[in-house]
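If you read the protein sequences in the order shown, they are chains A and B. Terminal number for the first sequence in the numbering used here: 181, no gaps in between. Terminal number for the second sequence in the numbering used here: 57, no gaps in between. The beta carbon of each residue, even a glycine, is placed where N, CA and C say it ideally should be. Below: the structure, in structure tokens.
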Amino acid sequence: MFFGARNVLGSNISADEMAFNTIQEVTSTTVTGSAVTSVQITGLDLDTDGMYIIFVNPVSASTDSWKSIHMTCNADTTATNYYSQHLQGFGAAASAQNSNSGICLRHVAGEEYTGFIYITKTSGNKPMAVINNAAYPDSNMAIVLRGWAWTGTANVTSLTWTSDTANSIGVGSTFKVYKVA
Amino acid sequence: MAIRKVWIHDAKTGEGRLETKDIVLPPVVPEPKGIDFDKLKALLQAKGLIQDTAEVE
């Protein structure tokens, strides 16, 4: 069996047509020095870049059994300007919840995480994100799928993740922003 | 509002720094109550409302 490039409808493919998009790192940051309440990445331009994929490895410095990290855009910290939908699997249990706030990530004491945020703009020019993250230790593994939306339509020039508990985003938390270019 | 620690990273310069800013904490949203399907299945079986799939087969 042969796999490879071939002509389309009998025409030759030019060099430009052979070009393909690549995923490029926009920026990457790691919290150092001290646990924080918020992480903010400035200097973004969602309207120009079209979409971001943000790989998130937060370190929980929370001592609580259930907490959340919210994601906000630009300077808009009004919780009710955001919506989020949560769907979680945890052992044989499943849960769902809608919130008039920008919940982004699960944040539980003693757990470790990895996940990604895909954010782009809808046909109505509203920033919307699909967020997927896994959490565990060991047999208490959980998988969480979230939808997130901002009611604003402005260009997203910064994103901020804020815990509902002070100083609970730990040292070593990483946020890596990529785009397709 | 209260003065809290924030990690700020500028994508254009690639530099991150620790700062303090006035921050309003977002609302605490309670953990969603889930359905445990193993327990639900056992409950429905105990009431005779469903059979185990293996028994049906």
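Identification of residues in the region 30-54 of chain A having a C-beta nearer than 7 angstroms to some C-beta of chain B yields Val31, Gly33, Ser34, Val36, Thr37, Ser38, Val39, Gln40, Ile41, Thr42, Gly43 and Leu44, given in sequence order. Residues of the region 137-171 of chain A with a C-beta less than 7 angstroms from any C-beta of chain B: Thr162, Asp164, Ala166 and Asn167, listed in chain order. For chain A, the residues of the region 21-45 of chain B that bring a beta carbon within less than 7 angstroms of one of its beta carbons are Ile23, Val24, Leu25, Pro26, Pro27, Val28, Val29, Glu31, Pro32, Lys33, Gly34, Ile35, Asp36, Phe37 and Asp38, in chain order.
Excluding sequence positions up to five before and after Asn57/A, its CB lies within less than 6 angstroms of the CB of Thr114 and Thr174, all in the same chain and listed in chain order.
Chain B places a beta carbon closer than 8 angstroms to that of Ile103/A, counting this residue as a contact.
For Ser65/A, the CB contacts under 8 angstroms within the same chain, skipping 5 residues up- and downstream, are Val108 and Ala109 in chain order. Using a CB distance below 7 angstroms, the part of the region 59-76 of chain A facing chain B consists of Trp66, Ser68 and His70, ordered along the chain.
A contact between stretches requires three or more CB pairs, one per stretch, nearer than 8 angstroms, and the region 91-108 of chain A meets this requirement with the region 62-82 of chain A. Only exposed fits Leu44/B, as fewer than 16 other CB atoms lie within 10 angstroms of its CB. Listed in chain order, the non-local C-beta contacts of Leu44/A below 8 angstroms within the same chain comprise Val26, Tyr52, Val156, Thr157, Ser158, Leu159 and Val177, local neighbours out to five positions each way being set aside. Its Cα nearest to that of Thr29/A, the residue Thr13/B stands out among Gly48/B, Lys41/B and Thr13/B.
With its beta carbon at least 8 angstroms from every one in chain B, Phe20/A lies outside the interface. CA-to-CA, the gap between Thr48/A and Lys39/B works out to about 50 angstroms. Residues of the region 83-114 of chain A with a C-beta less than 8 angstroms from any C-beta of chain B: His86, Gln88, Phe90, Gly91, Ala92, Ala93, Ala94, Ser95, Ala96, Gln97, Ser99, Ser101, Gly102 and Ile103, listed in chain order. Under the 8 angstroms criterion on CB atoms, Asp52/B is classed as non-interfacial with respect to chain A. Here the C-alpha atom of Gly172/A lies approximately 5 angstroms from the C-alpha atom of Val31/A. Close partners of Thr27/A in chain B (Cβ separation under 7 angstroms): His9, Ala11 and Gly14.
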